[in-house]
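The next block holds one structure in the form of structure tokens; read it before the comments.
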Amino acid sequence: MKYIYNFVLILFVVVLYQQPLRSETYFLDFKYILDQSNAGKKVNKILKEELDQGVKKLKNSEVKLQKEEKDIIQQKKLLSPEDYKKKITKLRAKVTSLQKERNTILNSVSKKRRKARTELLTALNPIVKDYMSEKNIKIVLDKKTILLGDEKLDITNEIMDLLNKKLTSINLN
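So the sequence shown is residues 33 to 205, counted in this note's numbering.
If you want it as structure tokens, here you go:
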């Protein structure tokens, strides 16, 4: 009888301590929230438009430089060697300038994307903390670090709804 009592007591303690662990560990998909929240969608749209405009401008400049290069090659026999070298040097300077402009556009978009991500995460952090204290959650993990998990433990949509209510847009300037 003593052994049965000890066994039941141990079983009860184990079950009692296991239960809170299961109910206090949740996960959410930060990438999904950053991309699919209202503010995230607006930022992605603005950055995509900015990048597309920059690429279009660069393509137009590139086409002009290619035409200029063809013209210089066609005039090679007609030009003196000094004039030819001057034109080639000017063309190379224009190509270098175009490459710098391309890097500037890419760096600008990248910098704005980082800023927007930081601002979103800054707004998201207190929301997650409040949600955790409200629901008595001890641990929230990022979904990308979890191999398998019960979908009932995914709080992504609840957090995204709270974020959408709190943060409607982000200022990129």
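For each residue, glycine too, the CB sits at the ideal point set by N, CA and C.
Which whole-angstrom value describes the C-beta separation of residue i and residue j, a residue pair presumed to lie in contact below a C-beta threshold of 8 Å?
i	j	result
Asp174	Phe62	5 Å
Leu195	Leu156	6 Å
Val172	Leu83	The pair is not a contact, with the Cβ atoms about 33 Å apart (cut-off 8 Å).
Met192	Ser69	5 Å
Leu152	Ile202	7 Å
Thr177	Tyr64	The Cβ separation is near 14 Å, so there is no contact.
I'd like to check one pair, residue j with residue i: are the Cβ atoms closer than 8 Å?
i	j	result
Ile159	Gly86	no
Thr150	Ala71	no
Lys207	Leu79	Summary: the structure shown does not reach residue 207, with the chain confined to residues 33 through 205, and so no result is reported for it.
Asn168	Glu56	yes
Ile104	Lys119	yes
Lys108	Tyr116	yes
Leu130	Glu101	no
Glu133	Tyr163	no
If you draw a straight line from the alpha carbon of residue i to that of residue j, how long is it in whole angstroms?
i	j	result
Met74	Ala148	Reading the sequence as shown, one finds Lys at residue 74 and not Met. C-alpha separation (whole angstroms): 10 Å.
Asn135	Lys170	44 Å
Tyr141	Asn76	It is Val, not Tyr, that sits at residue 141 in the sequence shown. Each residue's alpha carbon lies about 10 Å from the other.
Leu179	Tyr58	13 Å
Lys88	Ser165	49 Å
Thr121	Arg146	37 Å
Lys198	Lys99	52 Å
Asn205	Gly181	39 Å
Asn139	Lys91	18 Å
Glu183	Lys161	21 Å
Leu111	Val95	23 Å
In this structure, what does DSSP give as the bridge partners for residue i?
i	result
Lys173	In the sequence as displayed, the identity of residue 173 is Leu instead of Lys. The partner list for Leu173 (beta bridge, DSSP) reads Phe59.
Asp186	Phe59
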